[in-house]
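K.L.:
Protein sequence lines correspond, in order, to chains A and B. Okay, so the first sequence: first residue is 94 according to my numbering, each after it adds one. Okay, so the second sequence: first residue is 94 according to my numbering, each after it adds one. For every residue, glycine included, the Cβ atom is placed at its ideal position computed from N, Cα and C.
2 protein chains.
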Amino acid sequence: MRQAGRYMPEYRALRQKHTLLEICAEPDLATEVTLQPIRAFAVDAAILFADILLPLAPMGAPFAFCSGEGPVFERPLRTAAAIEALRVIDPDESLGHVLQAVRQIRRELDGRKPLIGFAGAPFTLASYLVEGGKSSNYFHTKRLMYREPDLFGQLLGKLAEVVRRYLVAQVTAGAQAVQLFDSWIGALSPDDYATYVAPHARRLLDDLTGLGVPVIHFGTGTATLLELLRDAGGTVIGIDWRVPLDEARRRLGATVAVQGNLDPILLAAPDSVWRARVDDVLRRAGPEPGHVFNVGHGILPETDPDAVHRLTDYVHERSTGAAVGAPVPDRTAADV
Amino acid sequence: MRQAGRYMPEYRALRQKHTLLEICAEPDLATEVTLQPIRAFAVDAAILFADILLPLAPMGAPFAFCSGEGPVFERPLRTAAAIEALRVIDPDESLGHVLQAVRQIRRELDGRKPLIGFAGAPFTLASYLVEGGKSSNYFHTKRLMYREPDLFGQLLGKLAEVVRRYLVAQVTAGAQAVQLFDSWIGALSPDDYATYVAPHARRLLDDLTGLGVPVIHFGTGTATLLELLRDAGGTVIGIDWRVPLDEARRRLGATVAVQGNLDPILLAAPDSVWRARVDDVLRRAGPEPGHVFNVGHGILPETDPDAVHRLTDYVHERSTGAAVGAPVPDRTAADV
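#1: Could you pull out every residue in the same chain whose Cβ sits closer than 6 Å to the Cβ of B:V290, ignoring the five residues on either side in sequence?
#2: Within 10 angstroms of the Cβ of B:Q109, are there 16 or more other Cβ atoms? Answer buried if so, exposed if not.
#3: If we cut at 8 Å on Cβ distances, does A:I309 have a partner in chain B?
#4: Any beta-carbon of chain B closer than 8 Å to the one on A:P337?
#5: If you follow the beta strand (DSSP E) that A:F158 is in, where does it begin and where does it stop?
#6: Pull up the distance between the alpha-carbon of A:H384 and that of A:V136, whole angstroms please.
#7: Would the beta-carbon of B:S276 fall within 8 Å of that of B:G312?
#8: The alpha helix (DSSP H) that contains A:G250, what's its start and end?
#9: Can you name, in chain order, every residue of its own chain whose Cβ lies under 6 Å from the Cβ of A:L113, other than the five neighbours on each side?
#10: Chain A beta carbons: is any one of them nearer than 8 Å to that of B:F232?
#11: Using a Cβ-Cβ cutoff of less than 7 Å, which residues in the same chain neighbour B:G418 once the five nearest sequence positions on both sides are dropped?
#12: Can you check which of these residues, A:P394, A:Q193, A:G379 and A:T396, is closest to A:A350 by C-alpha distance?
#13: Could you check whether the Cβ of B:P169 sits closer than 8 Å to any Cβ belonging to chain A?
#14: Can you give me the Cβ contacts of B:Y259 inside the same chain, cut-off strictly under 7 Å, excluding the 5 residues immediately before and after it?
#15: Return the chain-ordered list of same chain residues with a C-beta closer than 8 Å to the C-beta of B:E177, the five sequence neighbours on each side being excluded.
#16: Contact between the segment 295-309 of chain A and the segment 225-239 of chain A is defined here as three or more beta-carbon pairs at a separation below 8 Å; is this criterion met?
#17: Within 8 Å (strictly less), CB to CB, does B:W334 reach chain A?
#18: Along the segment 394-409 of chain B, where does the CB come closer than 7 Å to a CB of chain A? Name the residues.
#19: Is the Cβ-Cβ distance between B:T405 and B:Y100 less than 8 Å?
#20: Taking the alpha-carbon positions, what's the B:P151 to B:L222 distance?
#21: Assuming B:Q352 contacts B:V329 (C-beta within less than 8 Å), just tell me the rounded distance between them.
#22: Please give the ranges of any alpha helix (DSSP H) in the segment 159-226 of chain A, keeping only runs that are unbroken, at least 4 residues long and fully inside the region.
#23: Could you have a look at B:G312 and say whether DSSP puts it in helix, strand or coil?
#24: My output table needs one value for B:S412: the three-state DSSP class, helix, strand or coil.
#25: Counting only the same chain and skipping the five closest in sequence on each side, list residues whose C-beta sits under 8 Å from that of B:E381.
#26: Going by C-alpha distance, which of A:V388, A:L237, A:A400 and A:I209 is nearest A:L192?
#27: May I have the straight-line CA-CA distance separating B:P357 from B:H111, to the nearest angstrom?
#28: So, at 6 Å on beta carbons, what are the nonlocal neighbours of A:V195 in its own chain, with the 5 sequence-adjacent residues on each side left out?
#29: Considering only the alpha carbon of each residue, which of B:D339, B:L128 and B:Y286 lies closest to B:L321?
#30: Counting only Cβ pairs nearer than 8 Å, list the residues of chain A close to B:P283.
#31: My guess is that A:I182 and A:T124 are in contact by the Cβ rule of under 8 Å, so how many angstroms apart are they, rounded?
#32: Cα separation between A:G98 and B:R377?
#33: Helix, strand or coil: which one does DSSP assign to A:Q272?
#34: Using a C-beta to C-beta distance shorter than 9 Å, which residues of chain A count as neighbours of B:R240?
#35: Can a CB atom of chain B be found closer than 8 Å to the CB of A:R236?
#36: If we require 4 or more residues per run, which alpha helix (DSSP H) segments fall completely within the segment 323-394 of chain B?
Here is the structure:
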C-alpha cells in the first residue's frame with residue numbers, strides 16, 4: 094500500500110501544484126512524497142511513491158488519470174496486433190526517473206529506515222490494459238483469457254518480463270524489499286488463477302527470490318487463492334482483512350511470513366475499537382515466522398492522519414521487537 | 094440472480110419504452126419480463142423480476158437509476174434523525190404491485206414452473222442507503238457501523254423487519270421459494286459480520302424457515318463467511334465462483350443445499366471451455382443434499398443469449414433428475 098496519499102495534508106498541498114504523474118516523473122517530488130509519511134508517522138520503512146501503471150505508457154499504452162474515474166487508457170488493448178505491438182521495455186531507459194528516485198530516497202534516508210519498492214503484477218496490469226481502466230467485473234479481461242488463452246498468455250508474459258526487469262532494477266538502485274501488487278486477482282476462481290496466471294507470476298517471482306531481499310506478494314479477496322499465491326512465490330504473503338491471520342498462518346505454513354491485515358476503515362472507528370482489533374491481529378499473527386503489521390488495503394482519503402499516527406505508535410507499543418530491514422522482517426509497522 | 098436483463102433482446106425492446114422502475118411498478122410488465130427467460134431458456138424455475146431496492150423508497154429513501162451509475166439516492170442516510178425517520182412499511186400497502194405481480198406470474202405459469210421471489214438483505218440494503226448508491230469500499234457504511242453500532246443496529250433492525258415482512262408477503266402471494274441477496278457482504282471481515290450483521294440476518298431468516306419453502310441465502314466474496322452465513326440461516330447457501338463447491342460442501346456440512354457457481358463470464362468463452370467447467374461444477378457439487386445449478390453472480394449485458402440457451406440445455410443433459418419445486422430442489426438449472 095502506498096503510504097502517502099490524499100489523507101495527508103502535506104500531500105494534498107503538493108497535489109495542488111502537481112499531478113500524480115508529475116510527482117512520479119520527477120525524482121525530487123517522488124522523494125519528497127515518499128518521505129512525508131516517514132516524518133509524520135512511526136512507520137518502520139519507507140514505501141517508494143510511484144504508481145503500478147507507470148511501466149505501461151512506455152510499453153505503448155498511454156493513459157491519464159481522469160478526475161473521479163481513476164486511470165483511463167487511450168485505447169483498451171484487446172487485439173492480437175495491439176498485444177504484439179507492446180514493447181518489452183528496458184527500465185533503465187524507460188523508467189530511469191523512478192530508479193533515480195530510489196537512489197535519491199536511499200541517500201535521504203541515510204540508513205535510518207529501509208526502502209520498499211513495488212510493482213503491479215501481470216494480471217492486475219493486464220486488467221487495466223484490457224478494460225481500458227478500472228472495472229467492477231473484468232468482463233473483457235476474462236473473455237480474452239477464456240477465448241484466446243495463448244494471446245492472453247503472451248500479454249501476461251510480456252508484462253511479467255517487464256515487471257521482473259523493473260523490480261530487479263529497483264533492487265539494484267537500492268530498494269531493500271519489494272512488493273508485488275496483484276490487487277484484483279481476487280476476481281478469479283482458484284482454477285483460473287492456477288491455469289492462466291500463476292505460471293507467469295511464478296517465473297517472475299522465482300527470479301526475484303534470488304536477489305536476497307524480502308518479496309511481498311499481495312492481493313485482495315484472495316481467501317481461496319492463498320496457497321496458490323504462496324506457491325507462485327514471495328517471502329511474505331500480504332493478506333486483506335477478510336482472512337483472519339491465524340487461519341492464513343495455518344494454511345500457508347512456516348515457509349513464508351505474513352503481512353496485514355487491519356481493515357483500513359477501522360481508522361475511522363473510535364480508538365478503543367481499532368485498538369482491540371490491532372491486539373487481535375497481533376495475537377492471531379503470532380510470533381513466527383515473521384509478521385509485517387499493515388492495513389489490508391490502501392488508506393482512504395477520508396482518513397484522519399492523526400489516527401494513522403496513533404495507530405503506528407500503538408503497534409510499536411504492543412509489539413515485541415522490530416528487526417527492520419532484516420531479510421524477513423519481524424513485526425514492523427512498515428507499511429500502513 | 095435476475096434471469097431477465099439487458100443481455101436479452103426482448104428485454105431491451107421493452108426497456109426502450111419503460112424504465113426499470115416502471116417495469117417493477119407495473120404488474121403486467123413485471124409478469125411479462127419474468128416470463129421472458131422461461132420462454133427463451135430451459136430454466137427450471139422463474140425468478141420474480143424486481144429490484145432489491147424497491148422497499149427503500151416507501152421506507153422514505155427515494156432513489157433513481159442514473160444511466161451508467163446505477164442507483165443514486167436523493168440523500169445518503171447517515172444521521173440518527175434520518176435513520177429514526179425510516180418507516181417500517183407494510184408490504185401489502187407499499188409494495189402491493191410486487192405482490193400483485195407474484196400472483197399474476199403464478200397464474201401465468203399455471204404450475205409448469207415454480208416461482209422464486211427475493212429481497213435484498215439488511216447489510217446490502219444499508220450499504221446503498223448510507224453510501225447513497227454503489228460503492229467500491231463501503232467507507233461510510235463501515236464508519237457508521239464502527240462509530241455508532243447502536244444506530245447501525247437500529248438501521249439493520251428496521252431493514253430486517255421490512256425484508257421479513259416482504260418475503261413473508263411474497264410467499265403468501267404465491268412465491269414457492271425465496272432468495273435473500275446479501276450481495277456486498279463480502280466486504281466485511283468474519284468478525285464484523287458476526288458482530289454487526291449476523292444477528293439481524295438470523296432473526297429474519299429464522300422466521301422465514303417456518304414458512305416451509307426453500308430459502309436461498311446468497312452473497313459474493315463470502316469465502317471466509319460461509320459457515321457464518323449458514324449459521325445465520327437459509328436452506329440453500331448461494332456461492333460465487335471463488336469457492337469450489339466441494340470445498341463449500343465440506344465446510345457447510347449436510348444440513349444445507351448449495352447453489353452455484355459458474356463464473357458468468359464463462360458464458361463468453363468457447364463452448365468447450367464452459368462445458369468443462371459445468372462438468373467440474375456438477376462433479377464438485379456431488380449428489381447430496383441438493384444442488385441448484387446457477388451462475389455465481391448476475392449475467393452481464395454483453396452476454397450472448399444463445400450461450401445461456403446452450404448452457405441450460407447442457408446442464409439438463411449432464412444432470413441426473415430435476416425435482417423442480419421440491420422443498421429443497423435437487424439439481425436444477427433454475428437460476429442462471
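P.N.:
The structure says:
#1: Sequence index remark: in the second sequence, residue 290 of chain B carries index 197 (1-based). So the list reads F216, once near-sequence residues are dropped.
#2: Residue 109 of chain B sits at position 16 when you count from the first residue of the second sequence. Counting Cβ neighbours within 10 Å, B:Q109 comes out exposed, since fewer than 16 surround it.
#3: As a working note, residue 309 of chain A is residue 216 in the first sequence. Chain B contact via Cβ: absent.
#4: Taking the first residue of the first sequence as position 1, residue 337 of chain A is located at position 244. Yes, contact with chain B.
#5: As a working note, residue 158 of chain A is residue 65 in the first sequence. From DSSP, the beta strand (DSSP E) with A:F158 extends over F156 to C159.
#6: Taking the first residue of the first sequence as 1, we reach residue 384 of chain A at position 291. Taking the first residue of the first sequence as 1, we reach residue 136 of chain A at position 43. In a straight line, the C-alpha of A:H384 is about 14 Å away from that of A:V136.
#7: Against the second sequence, residue 276 of chain B aligns to sequence position 183. Against the second sequence, residue 312 of chain B aligns to sequence position 219. Closer than 8 Å, so yes.
#8: On the first sequence, residue 250 of chain A is found 157 positions in, with the first residue counted as 1. Here the alpha helix (DSSP H) through A:G250 covers P242 to A266.
#9: Residue mapping note: residue 113 of chain A aligns to position 20 of the first sequence, counting from 1. These residues qualify, in order along the chain: F158.
#10: Here residue 232 of chain B refers to the residue found at position 139 when the second sequence is read from its first residue. B:F232 counts as touching chain A.
#11: Along the second sequence, one-based indexing puts residue 418 of chain B at 325. Confidence at B:G418 is low in this model, with a pLDDT of 32, below 50, so the placement of that residue is unreliable and no value is reported for it.
#12: Position 257 of the first sequence, counted from the start, is the residue given in the question as residue 350 of chain A. Nearest of A:P394, A:Q193, A:G379 and A:T396 to A:A350, Cα basis: A:G379.
#13: Position 76 of the second sequence, counted from the start, is the residue given in the question as residue 169 of chain B. Not one chain A Cβ lies under 8 Å of B:P169.
#14: As a working note, residue 259 of chain B is residue 166 in the second sequence. Beyond the five residues adjoining it in sequence on each side, B:Y259 comes within less than 7 Å, by CB distance, of P148, P184, L188 and A212 in the same chain, given in chain order.
#15: In the second sequence, counting from the first residue as 1, residue 177 of chain B sits at position 84. So the list reads Q247, once near-sequence residues are dropped.
#16: No, the segment 295-309 of chain A is not in contact with the segment 225-239 of chain A.
#17: Residue 334 of chain B sits at position 241 when you count from the first residue of the second sequence. Output row for B:W334: interface = yes.
#18: E395
#19: Position 312 of the second sequence holds residue 405 of chain B. Position 7 of the second sequence holds residue 100 of chain B. Contact: no.
#20: Start at 1 with the first residue of the second sequence, and residue 151 of chain B comes out as number 58. Start at 1 with the first residue of the second sequence, and residue 222 of chain B comes out as number 129. Spanning the two alpha carbons is a distance of roughly 13 Å.
#21: Position 259 of the second sequence holds residue 352 of chain B. Position 236 of the second sequence holds residue 329 of chain B. The pair is a contact, with the Cβ atoms about 5 Å apart (cut-off 8 Å).
#22: 173-178, 184-187, 189-202 and 215-224
#23: Mapped onto the second sequence, residue 312 of chain B falls at position 219. Correct three-state label for B:G312: strand.
#24: Stepping through the second sequence from its first residue, residue 412 of chain B is reached at position 319. Three-state result, B:S412: coil.
#25: As a position in the second sequence, residue 381 of chain B is number 288, starting the count at 1. A347.
#26: Mapped onto the first sequence, residue 192 of chain A falls at position 99. The residue with the shortest Cα to Cα distance from A:L192 is A:I209.
#27: Taking the second sequence and counting its residues from 1, the one referred to as residue 357 of chain B is at position 264. Taking the second sequence and counting its residues from 1, the one referred to as residue 111 of chain B is at position 18. For B:P357 and B:H111, the distance between alpha carbons rounds to 26 Å.
#28: In the first sequence, the residue the question calls residue 195 of chain A occupies position 102. Here the set comprises Q263, A266, G267 and A268.
#29: Here residue 321 of chain B refers to the residue found at position 228 of the second sequence. Of B:D339, B:L128 and B:Y286, the residue nearest in Cα terms is B:Y286.
#30: Translated into positions along the second sequence, residue 283 of chain B becomes position 190. Result: R335 and P337.
#31: If you number the first sequence from 1, residue 182 of chain A lands on position 89. If you number the first sequence from 1, residue 124 of chain A lands on position 31. Actually they are not in contact, since the Cβ atoms of A:I182 and A:T124 sit about 23 Å apart, beyond 8 Å.
#32: Counting from one through the first sequence, the residue named residue 98 of chain A turns up at place 5. Counting from one through the second sequence, the residue named residue 377 of chain B turns up at place 284. Cα-Cα distance, rounded: 44 Å.
#33: Here residue 272 of chain A refers to the residue found at position 179 of the first sequence. The answer is strand: DSSP assigns A:Q272 an E or B state.
#34: Taking the first residue of the second sequence as 1, we reach residue 240 of chain B at position 147. Under the 9 Å cutoff, chain A gives A361, A362, P363 and V366.
#35: Within the first sequence, the letter at position 143 stands for residue 236 of chain A. Chain B, which has a Cβ nearer than 8 Å to the Cβ of A:R236, makes this yes.
#36: 338-345 and 364-378
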